[in-house]
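Residues in the sequence shown are numbered consecutively from 362, following the working numbering.
For every residue, glycine included, the Cβ atom is placed at its ideal position computed from N, Cα and C.
Remarks on the structure that follows.
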Amino acid sequence: MKTAIITGASKGIGAVIAKRLNELNYNLVLNYRSNTALMEELIDNFTNKDTKNIIVKCDISLYEDAKKLIDEAYNNFG
Numbered sequence: 362m363k364t365a366i367i368t369g370a371s372k373g374i375g376a377v378i379a380k381r382l383n384e385l386n387y388n389l390v391l392n393y394r395s396n397t398a399l400m401e402e403l404i405d406n407f408t409n410k411d412t413k414n415i416i417v418k419c420d421i422s423l424y425e426d427a428k429k430l431i432d433e434a435y436n437n438f439g
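Structure, rendered in structure tokens:
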């Protein structure tokens, strides 16, 4: 199964991409900066429940946060 990292996944084009990749059977690492409720709602509305999806709250403009995002992806999906 393929894995994708999506930044800005809580709304707009990021959310649309996340929904489509979920339909295409991707595991997802979903990044958002502030609205946890939007992320949880997005995942709850995924139609494909056979994929693994993780959410990572961070600001990717900060080096340490960007590193955290990549570390979470690697630790969960290799």
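- prompt: Expressed to the nearest angstrom, what Euclidean distance is found between the alpha-carbon atoms of residue 401 and residue 374?
  reply: Here residue 401 refers to the residue found at position 40 when the sequence shown is read from its first residue. Here residue 374 refers to the residue found at position 13 when the sequence shown is read from its first residue. Rounded to whole angstroms, residue 401 to residue 374 spans 17 Å at the Cα level.
- prompt: What residue does the alpha helix (DSSP H) around residue 435 start on, and which one ends it?
  reply: Within the sequence shown, residue 435 is the residue found at index 74, counting from 1. Unbroken alpha helix (DSSP H) run through residue 435: 424-438.
message: Just verifying my parser: in three-state terms, what is the DSSP assignment at residue 403?
response: Taking the first residue of the sequence shown as 1, we reach residue 403 at position 42. Helix at residue 403.
message: Please identify the residue among 365, 368 and 381 whose C-alpha is closest to the C-alpha of residue 406.
response: For the purposes of this step, residue 406 is taken as residue 45 along the sequence shown, with counting starting at 1. The candidate whose alpha carbon is nearest that of residue 406 is 381.
- prompt: How big is the Cα-Cα spacing for residue 387 and residue 362?
  reply: Along the sequence shown, one-based indexing puts residue 387 at 26. Along the sequence shown, one-based indexing puts residue 362 at 1. For residue 387 and residue 362, the distance between alpha carbons rounds to 6 Å.
- prompt: Any idea what DSSP makes of residue 383, helix, strand or coil?
  reply: As a first step, residue 383 is located in the sequence shown; it is residue number 22 there, counting from the start. Helix, per DSSP.
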